[in-house]
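Let me begin by presenting the structure, written as structure tokens, before commenting on it.
Residue numbers (mature numbering (1 follows the signal peptide of the UniProt record, and there is no 0)): -22 to -1, 1 to 95.
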């Protein structure tokens, strides 16, 4: 079951990255566009409910992580955003719940970073 969920999340993230790249092909700063897209997903992301397998927040967080990773690869100034989102996602995987200090603290950190973009 966990493998299937991981596969779905990974597929959604890759699709989001691909679509974001298509929409921003004319952008002067693709790293900034990716970071803003990650922040946009974070803004609209609802509560992560572990009991709901079809909860879109899982996919939105995974896609935001992937976009932030792309932004950080292009521009090192986006590494803090990447790190915060990755740690938030890792916290869910480690604790098997979204309601844990690792995830909460790093989602707040990512939102604070996004507010400054």
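Backbone N, C-alpha and C fix where the C-beta goes; we use that ideal spot for every residue, glycine too. On a predicted model such as this, the values are computed, not experimentally measured, just so you know.
- Per DSSP, residue 26 lies in no alpha helix (DSSP H) segment and is marked neither H nor E.
- Between residue 52 and residue 16, the C-beta spacing is not below 8 Å.
- Assignment of residue 74 by DSSP, reduced to helix, strand and coil, places it in the coil class.
- Secondary structure within the region 43 to 73: the alpha helix (DSSP H) runs of 4 or more consecutive residues, fully enclosed, are 57 to 73 (chain order).
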